[in-house]
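**Student:** Quick one: structure below, then a few questions.
Protein chains in written order, with our numbering: chain H, 1 to 546; chain F, 1 to 546.
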């Protein structure tokens with residue numbers, strides 16, 4: 001379970017997601033709908049790594065609509081460049097780079113985790129978990145310094161004020177933008193799946209643990225008693241981590257800059273619109289809120305023709321077709337004994353294989369397997385010869401697979417990937433293999449099952465049809481609601497302010513205690529009345545009669 | 001509070017809502033979006049009265065899209081005609097007409113309620129409440145007989161099966177269609193605001209009583225302790241009414257036809273899509289579910305030019321403008337002493353007044369007031385000379401007012417009208433006058449306040465702008481999701497099945513009892529260990545040392 005603690009910061013970058021505007025054939029709605037909006041000014045607080053890939057796509061689209069976008073980045077940023085044709089930037093220099101901005105952060109993490117899982121020692125696990133909590137705390141401590149640097153810099157803040165932004169677009173995985181937006185009194189929109197230390201819904205919508213799997217707990221929405229019990233424990237644990245490990249770093253700032261009456265968690269909950277990178281063909285149905293708009297798969301688009309060489313390779317597979325494999329940017333972190341097992345399994349397949357692989361070339365690679373450093377993943381997934389996709393289970397790749405209807409063999413490595421592939425497995429559209437226990441036999445069996453049993457493809461095609469059947473393309477939905485907030489200076493009518501209530505009021509604990517006290521008092525009064533008034537009278541009458 | 005018990009059956013008919021297809025200028029999306037759907041077959045279970053006005057509009061639109069609509073009606077139906085160009089019908093003869101199909105049902109009800117309110121006697125209230133519960137029970141008993149008549153009629157059911165319907169569209173105020181759909185194994189879509197005995201959300205979404213006003217309790221989403229306490233009591237009361245008064249009639253049928261394992265309430269909760277006649281410019285923000293689509297105000301459309309006479313009357317008002325009044329079809333039920341007070345107040349206004357009035361003409365009517373038996377309400381509300389609207393607070397009229405940005409003076413009479421006008425009052429877009437305490441003075445004061453204080457109009461204009469700013473017209477949303485269910489034979493991926501869990505599992509009561517027991521056991525073990533192992537050892541050591 002432990003790999004999901006830091007899931008707000010997974011570093012998986014899909015090479016196949018250029019920041020271009022999308023137009024899907026299946027969505028026939030024109031891009032500009034609803035009342036038109038004047039070109040506005042948008043300040044963006046992104047998170048580095050794979051999160052940036054998504055945010056950049058949205059920024060590109062906002063720019064194409066005529067809006068002026070300004071991105072706040074740190075000087076040590078990994079992916080977020082200082083200048084691009086579609087945005088300007090504000091670069092802040094921090095005393096120390098944020099850990100997740102270092103490219104080897106996640107690789108080290110993965111190697112350590114696989115070691116621990118193989119050893120299976122409880123002490124090792126506890127030690128690792130403790131280290132992870134510390135790493136999480138450090139990341140947020142470092143990120144909060146971005147807030148300090150900005151809020152302390154009066155010149156910078158004045159220049160931002162002078163710029164008269166209309167809205168702040170935030171990836172709340174690192175929620176510094178929330179503080180800046182509050183200082184500037186600007187409405188906010190989140191581009192979110194992970195927030196602080198858990199899944200976004202848990203901060204804004206009711207989440208009954210009886211059927212909503214909590215972050216870091218890979219179960220479906222149909223749990224037995226033990227699973228529900230563990231789910232409740234994970235909920236408590238996640239809440240504790242949020243309140244004790246993550247939030248204190250930001251609460252210190254909030255206390256300093258906005259006084260003792262403002263709570264960071266309330267600021268976090270007060271976003272006008274939550275653009276949730278979720279679709280219910282993937283996520284289990286669960287309570288939601290009126291100010292959540294679902295944009296899961298907003299990066300998906302039809303495939304384009306392959307290069308000549310790649311097309312030739314694909315066609316050479318004949319009737320057997322092609323298997324695709326990519327474990328994201330972290331694949332070089334997989335130990336060679338695992339890649340060797342995978343290569344051996346591939347060699348036994350009649351299919352051709354295209355394997356995106358950055359590390360050392362496995363010595364036992366079959367003739368049917370083509371190693372590539374980068375591949376046009378979306379174009380390949382949309383190719384009719386592709387029969388299945390071996391993936392780590394990052395959501396970008398999962399949504400592309402759903403979009404094109406390609407079944408998955410999941411080898412989850414880190415963070416939310418375990419829960420992600422489980423969601424597809426529960427729909428009969430994927431098989432999952434444990435990386436720590438992977439052998440050529442069990443991997444081959446899983447691959448052959450997905451390739452030869454038509455139900456996986458059928459189920460994925462069904463998900464694809466459901467996913468594509470929307471009133472509006474998810475990217476247009478995202479742009480629509482950002483412009484909505486700009487037009488109306490917020491979306492207060494869609495946002496409950498119940499989060500401002502004390503917890504005992506929110507959960508009606510005070511009401512039920514009062515009700516219970518009242519009922520007890522009533523019972524006591526009735527008993528007292530019978531005992532001290534009725535019974536003596538009866539006795540008196542009886543004795544008189546006697 | 002009591003007037004809302006029967007609110008599923010309010011009989012307010014807006015004369016201005018012909019069943020024509022709508023095309024709003026502000027919504028520039030073409031009507032047909034998303035994947036095209038083949039013409040399908042739709043079976044409809046409507047509810048008579050004002051509910052039919054809405055359903056009929058939707059049916060008209062579905063017919064215009066090429067779908068074949070069949071409406072199930074009773075032989076004694078009040079508004080639902082046997083034949084119309086846009087639908088066919090199945091007419092079922094019941095042993096007795098359903099009470100709400102009698103035109104005087106609501107009039108009698110209103111007169112009785114006003115009497116009780118004026119008297120203010122507790123005994124009278126309790127007696128009235130009891131009568132209402134009986135009436136509610138009778139209505140559902142009568143309605144359930146429609147189920148019996150259909151399910152027992154093998155020839156009818158076979159002919160329906162032969163018809164191969166794609167979807168059943170139901171107004172679940174009287175939920176007989178739910179049983180028939182279950183028997184036919186067909187997917188269902190609800191056109192709903194009120195269901196059995198309360199607001200629709202309460203059956204399908206989490207509804208924390210700390211900030212979600214329960215049905216029949218006119219409060220806002222910001223409650224003090226006493227309000228929250230009463231809100232919880234109303235929630236318990238409504239649940240009891242649902243489970244003890246309403247559902248048993250249908251549960252008997254479910255038990256007879258589908259066996260002991262099927263629960264009526266579960267069938268009720270299992271609709272694929274809930275088309276909720278709600279918009280959050282009107283409703284307070286609250287938890288929702290992925291299979292709820294909001295279509296509040298789907299009947300709204302731009303106004304058309306008035307007749308010459310009406311236009312002349314309106315123009316004759318000069319700079320003062322015109323006040324509109326309509327209390328729906330029940331206005332003839334208002335006692336003459338109230339209409340007389342209203343007429344006296346109107347006579348003192350510099351504005352002209354158009355009053356839709358069906359009963360006896362008040363003797364003290366001013367020269368400025370035009371009585372009409374029917375008026376083109378939507379066209380008038382969209383006229384720039386109309387300054388305010390005196391309304392009873394039915395949702396049809398309220399949404400038309402919001403759409404056109406006309407502030408309201410509310411005189412709520414029955415059912416949900418008290419809650420409806422309160423929602424607008426909380427937004428500063430309406431003033432509310434109690435019909436039972438109405439005098440010419442307090443009524444005039446309220447009218448003048450709304451006419452002369454620009455904030456009411458400004459707030460209503462703001463609501464109007466928010467209401468009109470949608471990615472898609474609500475009527476298109478309704479059609480889209482009905483067609484979605486037809487395309488995919490349901491929408492199971494959007495619907496949680498958590499309602500099938502026992503309540504103690506759903507609310508995690510078993511988990512918390514187990515957790516508590518575990519913690520108690522742990523504490524007892526620790527205490528026992530210290531008491532019987534550690535302390536004796538310490539004592540022994542101490543005595544040895546001594």
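The beta carbon of each residue, even a glycine, is placed where N, CA and C say it ideally should be. These figures come from a predicted structure and were not determined experimentally.
State buried or exposed for residue 236 of chain F, treating a residue as buried only when at least 16 other CB atoms are found within 10 Å of its CB.
**Tutor:** Residue 236 of chain F comes out exposed.
**Student:** Could you list the residues in the segment 494-511 of chain F with a C-beta less than 8 Å from some C-beta on chain H, going in chain order?
**Tutor:** Per Cβ criterion, the list reads 494, 495, 496, 497, 498, 501, 505, 506, 507, 508, 510 and 511.
**Student:** Based on Cα-Cα distance, which residue from H/252, H/303 and H/208 lies nearest to residue 289 of chain F?
**Tutor:** Nearest C-alpha to residue 289 of chain F: H/208.
**Student:** In chain order, what residues of the same chain have a beta carbon less than 7 Å from the beta carbon of residue 316 of chain H, not counting five sequence neighbours either side?
**Tutor:** 352.
**Student:** Identify whether residue 168 of chain H lies in helix, strand or coil by the three-state DSSP scheme.
**Tutor:** Of the three classes helix, strand and coil, the one that applies to residue 168 of chain H here is strand, per DSSP.
**Student:** Considering only DSSP beta bridges, list what residue 288 of chain F is partnered with.
**Tutor:** Looking at the DSSP assignment, residue 288 of chain F forms a beta bridge with H/288.
**Student:** Quick one, are the C-beta atoms of residue 52 of chain F and residue 90 of chain F less than 9 Å apart?
**Tutor:** Their beta carbons are not under 9 Å apart, which means residue 52 of chain F does not touch residue 90 of chain F by this criterion.
**Student:** Whose C-beta lies closer than 6 Å to the C-beta of residue 181 of chain F among residues of the same chain, with five residues either side of it excluded?
**Tutor:** 168 and 188, listed in sequence order.
**Student:** Just the chain H side, please: which residues come within less than 9 Å of residue 364 of chain F by C-beta, in chain order?
**Tutor:** Going along chain H, no residue has its Cβ under 9 Å from residue 364 of chain F, so there is no contact; the nearest lies around 41 Å.
**Student:** Can you tell me whether residue 271 of chain F is buried or exposed? The criterion is at least 16 other CB atoms within 10 Å of its CB, across all chains shown.
**Tutor:** Its Cβ being crowded by 16 or more others within 10 Å, residue 271 of chain F is buried.
**Student:** Whole angstroms are fine: how far does the CA of residue 106 of chain F sit from the CA of residue 438 of chain F?
**Tutor:** Cα to Cα, residue 438 of chain F sits roughly 21 Å from residue 106 of chain F.
**Student:** Extract the residue ranges of the beta strand (DSSP E) inside the segment 220-290 of chain H, only unbroken runs of 3 or more that lie entirely within it.
**Tutor:** Entirely contained in the segment 220-290 of chain H, the beta strand (DSSP E) runs reaching 3 residues are, in chain order, 273-276.
**Student:** Which class does residue 161 of chain H belong to by DSSP, given the choice of helix, strand or coil?
**Tutor:** If DSSP states are grouped into helix, strand and coil, residue 161 of chain H belongs with the helices.
**Student:** Give the residues from the segment 470-483 of chain F that approach chain H closer than 9 Å (Cβ to any Cβ), ordered along the chain.
**Tutor:** Taking 9 Å as the Cβ-Cβ cut-off against chain H, the residues of the segment 470-483 of chain F that qualify are 470, 471, 472, 476, 477, 480 and 481.
**Student:** Any Cβ of chain F within less than 9 Å of the Cβ of residue 272 of chain H?
**Tutor:** No, no contact with chain F.
**Student:** Can you tell me whether residue 166 of chain F is buried or exposed, with buried defined as 16 or more other CB within 10 angstroms of its CB?
**Tutor:** The residue in question, residue 166 of chain F, is buried, as its Cβ has 16 or more Cβ neighbours within 10 Å.
**Student:** Looking at C-alpha atoms only, which residue of F/486, F/326 and F/383 is the closest neighbour of residue 409 of chain F?
**Tutor:** The shortest C-alpha separation from residue 409 of chain F is found at F/326.
**Student:** Assign residue 16 of chain H to one of two classes, buried (16 or more other C-beta atoms within 10 Å of its C-beta) or exposed (fewer than that).
**Tutor:** With a pLDDT of only 30 at residue 16 of chain H, under the threshold of 50, the placement of this residue in the model should not be trusted; the figure read from the coordinates follows. Counting Cβ neighbours within 10 Å, residue 16 of chain H comes out buried, since at least 16 surround it.
**Student:** Return no unless some Cβ of chain F is closer than 9 Å to the Cβ of residue 281 of chain H.
**Tutor:** Chain F contact via Cβ: present.
**Student:** Going by other Cβ atoms of all chains shown within 10 Å of its Cβ, with 16 needed for buried, is residue 434 of chain H buried or exposed?
**Tutor:** Residue 434 of chain H comes out exposed.
**Student:** What in chain H is Cβ-close to residue 286 of chain F, meaning under 7 Å?
**Tutor:** Near residue 286 of chain F (Cβ distances below 7 Å), the residues of chain H are 496.
**Student:** Kindly indicate if chain H contains any beta-carbon less than 9 Å away from that of residue 221 of chain F.
**Tutor:** Chain H, which has a Cβ nearer than 9 Å to the Cβ of residue 221 of chain F, makes this yes.
**Student:** Helix or strand or just coil, what does DSSP make of residue 472 of chain H?
**Tutor:** It is coil, neither helix nor strand.
**Student:** Could you tell me which chain H residues have their CB closer than 9 Å to the CB of residue 487 of chain F, listed as they occur along the chain?
**Tutor:** Going along chain H in sequence order, the residues near residue 487 of chain F (Cβ under 9 Å) are 465 and 469.
**Student:** Which class does residue 327 of chain F belong to by DSSP, given the choice of helix, strand or coil?
**Tutor:** Note: residue 327 of chain F maps to coil in three-state DSSP.
**Student:** For residue 157 of chain F, which option in F/495, F/384, F/418 and F/184 has the closest C-alpha, if you only look at C-alpha atoms?
**Tutor:** Measuring from the Cα of residue 157 of chain F, the nearest candidate turns out to be F/184.
**Student:** For a test of the three-state rule: what should DSSP assign to residue 71 of chain H, helix, strand or coil?
**Tutor:** It is a strand residue.
**Student:** Tell me, which residues are paired with residue 92 of chain F by DSSP?
**Tutor:** Residue 92 of chain F is bridged to F/74.
**Student:** Would you kindly report the start and end of the unbroken alpha helix (DSSP H) that includes residue 123 of chain F?
**Tutor:** Residues 122-152.
**Student:** Using the beta-carbon count (16 or more within 10 Å), is residue 57 of chain H buried or exposed?
**Tutor:** Label assigned to residue 57 of chain H: buried.
**Student:** I need the DSSP call for residue 409 of chain F, collapsed to helix, strand or coil.
**Tutor:** Note: residue 409 of chain F maps to strand in three-state DSSP.
**Student:** Within a Cβ cutoff of 7 Å, which residues of the same chain sit near residue 467 of chain F, ignoring the five residues on either side of it in sequence?
**Tutor:** Correct list, in chain order: 279, 281, 297, 402 and 403.
**Student:** Can you tell which of F/416, F/538, F/445 and F/527 has the C-alpha that lies nearest to the C-alpha of residue 217 of chain F?
**Tutor:** Nearest C-alpha to residue 217 of chain F: F/416.
**Student:** Would DSSP call residue 526 of chain H helix, strand or coil?
**Tutor:** Of the three classes helix, strand and coil, the one that applies to residue 526 of chain H here is helix, per DSSP.
**Student:** Beta-carbon separation of residue 133 of chain H and residue 45 of chain H under 9 Å?
**Tutor:** Against a cut-off of 9 Å, the Cβ pair of residue 45 of chain H and residue 133 of chain H comes out as no contact.
**Student:** Under three-state DSSP, which class holds residue 119 of chain F?
**Tutor:** Residue 119 of chain F falls in the helix class under three-state DSSP.
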